[in-house]
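Participant: All residue numbers for the sequence shown refer to the working numbering, where the first residue is 925 and numbers rise by one. In this text, a Cβ means the ideal position worked out from N, Cα and C, and glycines have one as well. Predicted model, so just to flag it, every value in this text is computed and none were measured.
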Amino acid sequence: MKATESLIFLKEFETYLEAERNYSPNTIRAYRKDIGGFLDYAREKKLDIASLERRQIRAFITRAREGLSAVSIGRMLSSIRSFFRFLITESVMEENPFFGVSVPGRIKKIPTVLEENEMNALLDAPDVNSPRGIRDRAILELLYSTGMRVGELTALKISDIDVWSSTVKVTGKGSRQRFCYINDSAVEAVERYLERRPPKPEALFLNKNGTGLSAVSIRSILNKHMNKAAISKHVSPHSIRHSFATIMLSRGCDLRSIQEFLGHKDISTTQIYTHISAKRLKDVYDRTHPRAK
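(1) Quick check: what's the CA-CA separation for residue 1164 versus residue 947?
(2) Output the distance between the C-alpha atoms of residue 1065 and residue 983, rounded to the nearest integer angstrom.
(3) Extract the residue ranges of the beta strand (DSSP E) inside the segment 980–1059, only unbroken runs of 3 or more that lie entirely within it.
(4) Throw me the rounded Cβ distance for the residue 1107 and residue 1069 pair, which I believe falls under 8 Å.
(5) Look at the alpha carbon of residue 1062 and the alpha carbon of residue 1074, and state the distance between them as a whole number of angstroms.
(6) Short check: CB of residue 954 to CB of residue 1046, under 8 Å?
(7) Could you tell me which whole alpha helix (DSSP H) segments of length 4 or greater appear in the segment 926–965?
(8) With residue 1135 as the anchor, note down where its alpha helix (DSSP H) starts and where it stops.
(9) Rank 949, 963, 1003, 1043 by C-alpha distance to the C-alpha of residue 1146 and give the top, closest one.
(10) Kindly indicate the opening and closing residues of the alpha helix (DSSP H) around residue 1129.
(11) Measuring CB to CB, does residue 1037 end up less than 8 Å from residue 1166?
(12) Between which two residues does the alpha helix (DSSP H) containing residue 1111 stretch?
(13) Within a Cβ cutoff of 6 Å, which residues of the same chain sit near residue 1057, ignoring the five residues on either side of it in sequence?
(14) Measure how close the beta-carbons of residue 1094 and residue 1114 come, nearest whole angstrom, since I'm counting them as under 8 Å.
(15) Compare the C-alpha of residue 1089 against each of 1099, 1110, 1097, 1096 and name the closest.
(16) Answer yes or no: do residue 1191 and residue 1179 have a C-beta to C-beta separation smaller than 8 Å?
(17) Which whole-angstrom value describes the C-beta separation of residue 1017 and residue 1008, a residue pair presumed to lie in contact below a C-beta threshold of 8 Å?
(18) For a test of the three-state rule: what should DSSP assign to residue 1087, helix, strand or coil?
(19) Since residue 989 and residue 997 are thought to touch, with beta carbons under 8 Å apart, how far apart are those beta carbons, to the nearest angstrom?
(20) Return the bridge partner residues of residue 1093 from the DSSP annotation.
(21) Quick one: what's got a C-beta closer than 7 Å to residue 1085's C-beta in the same chain, skipping five residues either side?
(22) Restricting to Cα atoms, I'd like to know which of 1077, 937, 976 is closest to residue 1143.
(23) If you drop the 5 nearest sequence neighbours on each side, which residues of the same chain put their C-beta closer than 8 Å to that of residue 1195?
(24) By the three-class DSSP mapping on this structure, what secondary structure does residue 969 have?
(25) Look at the Cβ atom of residue 931, then the Cβ atom of residue 963, and state whether they are nearer than 8 Å.
(26) Whose C-alpha, out of 942, 1020, 1183, is nearest the C-alpha of residue 1072?
(27) So what does DSSP say about residue 1081, is it helix, strand or coil?
(28) So what does DSSP say about residue 1195, is it helix, strand or coil?
(29) In terms of residues, what are the limits of the alpha helix (DSSP H) holding residue 1180?
(30) Use the C-beta contact count for residue 1170: other C-beta atoms within 10 angstroms, 16 or more gives buried, fewer gives exposed.
(31) Can you give me the Cβ contacts of residue 1121 inside the same chain, cut-off strictly under 7 Å, excluding the 5 residues immediately before and after it?
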């Protein structure tokens, strides 16, 4: 099968991801980019997709390593494997040539997290005497209180918040919904914000033009208050999610509960936080034990 013929099946695969897996447009675009990059390579090299050899796949990975990180290549290979699994399901292929293919030398990167004192400084950074500061404080409190993804935060509607039961309805990946608890500090911050925001539109967090905030805007808000709190770590809004999980784990929360809080489908995704927690303990030991070197 030629690479050009595979493009037809790529369209069908995208339809499958949207209709049956309920993937978001952004996720589908990422799959298209990953798989399309491989099909472009296969077309350039005149490869037969139906009879790929391991040496040809290794050559493709070698080419990809020239411009991509090991993490990006790992994600790309996962996308391509999924595409071939789809072709097998559709009886187009009999075997998955990418089965068992991994990235040589790939190291799982441990995410950057904020310590408790750093999180407290960050939460205290917004000026709650100004409307924008009140909004920013509510955003940061809600991210830290729930551990939700930034995309989940920007998708929140006013109707998703229930301050009386201290919960928020979150729509995660694949449109899976879960309820997250909100602590008292976050409830207070959100209530203060709701008292001052206009009743419309339905989006919970608004920009100065009265429309919903984007993920880019949330990153800008975080950077502003990181600087104000004099925290020098390079973090993203997702780092607050990592910090939530790591701090909860270090305080005795079990991994299964953290999986539920974060909305992870597979607990193996959650297990990265055990490595973070172990590293933090080692750092504390090295700093405090009199004979540690």
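Facilitator: Walking through what the data contain:
(1) Sequence index remark: in the sequence shown, residue 1164 carries index 240 (1-based). Sequence index remark: in the sequence shown, residue 947 carries index 23 (1-based). Spanning the alpha carbons of residue 1164 and residue 947 requires a straight line of approximately 24 Å.
(2) Taking the first residue of the sequence shown as position 1, residue 1065 is located at position 141. Taking the first residue of the sequence shown as position 1, residue 983 is located at position 59. Using only the alpha carbons, I get a separation of about 48 Å.
(3) Within the segment 980–1059, no complete beta strand (DSSP E) run reaches 3 residues.
(4) The residue you call residue 1107 lines up with position 183 of the sequence shown. The residue you call residue 1069 lines up with position 145 of the sequence shown. Sure, about 5 Å apart at Cβ, within 8 Å.
(5) In the sequence shown, residue 1062 corresponds to position 138, counting from 1. In the sequence shown, residue 1074 corresponds to position 150, counting from 1. Roughly 13 Å between the two C-alpha positions.
(6) Against the sequence shown, residue 954 aligns to sequence position 30. Against the sequence shown, residue 1046 aligns to sequence position 122. No. Outside cutoff.
(7) For the segment 926–965, whole alpha helix (DSSP H) runs of length 4 or above, ordered along the chain, are 927–943.
(8) Residue mapping note: residue 1135 aligns to position 211 of the sequence shown, counting from 1. Where residue 1135 is concerned, there is no enclosing alpha helix (DSSP H), because DSSP gives it neither an H nor an E.
(9) The residue labelled residue 1146 in the question sits at position 222 within the sequence shown. When only C-alpha atoms are compared, the closest one is 1043.
(10) Within the sequence shown, residue 1129 is the residue found at index 205, counting from 1. Careful: residue 1129 lies outside any alpha helix (DSSP H) and carries neither H nor E.
(11) Here residue 1037 refers to the residue found at position 113 when the sequence shown is read from its first residue. Here residue 1166 refers to the residue found at position 242 when the sequence shown is read from its first residue. Contact flag set, yes.
(12) Translated into the one-based positions of the sequence shown, residue 1111 becomes position 187. Residues 1108–1120.
(13) Reading the sequence shown from its first residue, position 133 is the one you call residue 1057. Contacts found: 1050, 1051.
(14) Translated into the one-based positions of the sequence shown, residue 1094 becomes position 170. Translated into the one-based positions of the sequence shown, residue 1114 becomes position 190. That belief does not hold up - the Cβ atoms of residue 1094 and residue 1114 are roughly 14 Å apart, past 8 Å.
(15) Position 165 of the sequence shown, counted from the first residue, corresponds to residue 1089. Checking every option, the nearest Cα to that of residue 1089 belongs to 1110.
(16) Here residue 1191 corresponds to residue number 267 of the sequence shown, with the count starting at 1. Here residue 1179 corresponds to residue number 255 of the sequence shown, with the count starting at 1. Against a cut-off of 8 Å, the Cβ pair of residue 1179 and residue 1191 comes out as a contact.
(17) By 1-based counting over the sequence shown, the position of residue 1017 is 93. By 1-based counting over the sequence shown, the position of residue 1008 is 84. About 6 Å separates the beta carbons of residue 1017 and residue 1008, which is inside the 8 Å limit, making them a contact pair.
(18) Here residue 1087 corresponds to residue number 163 of the sequence shown, with the count starting at 1. Look at residue 1087 here: in three-state DSSP terms it is coil, with no helix or strand label.
(19) In the sequence shown, counting from the first residue as 1, residue 989 sits at position 65. In the sequence shown, counting from the first residue as 1, residue 997 sits at position 73. Here residue 989 really is in contact with residue 997; their C-beta atoms are around 6 Å apart, less than 8 Å.
(20) Within the sequence shown, residue 1093 is the residue found at index 169, counting from 1. Answer is 1103, bridged to residue 1093.
(21) Here residue 1085 corresponds to residue number 161 of the sequence shown, with the count starting at 1. If we look at residue 1085 and ignore the five residues flanking it on each side, its Cβ neighbours are 1092, 1114, 1128.
(22) For the purposes of this step, residue 1143 is taken as residue 219 along the sequence shown, with counting starting at 1. Considering only alpha carbons, the answer is 1077.
(23) If you number the sequence shown from 1, residue 1195 lands on position 271. Result list for residue 1195: 1179, in chain order.
(24) Taking the sequence shown and counting its residues from 1, one reaches residue 969 at position 45. If DSSP states are grouped into helix, strand and coil, residue 969 belongs with coil.
(25) In the sequence shown, the residue the question calls residue 931 occupies position 7. In the sequence shown, the residue the question calls residue 963 occupies position 39. Yes, the Cβ-Cβ distance between residue 931 and residue 963 is below 8 Å.
(26) On the sequence shown, position 148 is the one that residue 1072 refers to. Of the candidates 942, 1020, 1183, the one whose C-alpha sits nearest the C-alpha of residue 1072 is 1183.
(27) Walking along the sequence shown from the start, residue 1081 turns up at place 157. Strand.
(28) For the purposes of this step, residue 1195 is identified with residue 271 of the sequence shown, where counting begins at 1. The answer is coil: DSSP assigns residue 1195 none of H, G, I, E or B.
(29) Sequence index remark: in the sequence shown, residue 1180 carries index 256 (1-based). Per DSSP, residue 1180 belongs to the alpha helix (DSSP H) from 1179–1186.
(30) Here residue 1170 is taken as the residue at index 246 of the sequence shown, counted from 1. The residue in question, residue 1170, is buried, as its Cβ has 16 or more Cβ neighbours within 10 Å.
(31) Counting from one through the sequence shown, the residue named residue 1121 turns up at place 197. Shown here for residue 1121: same chain residues with a beta carbon closer than 7 Å to its own, the five before and five after excluded, namely 1130 in chain order.
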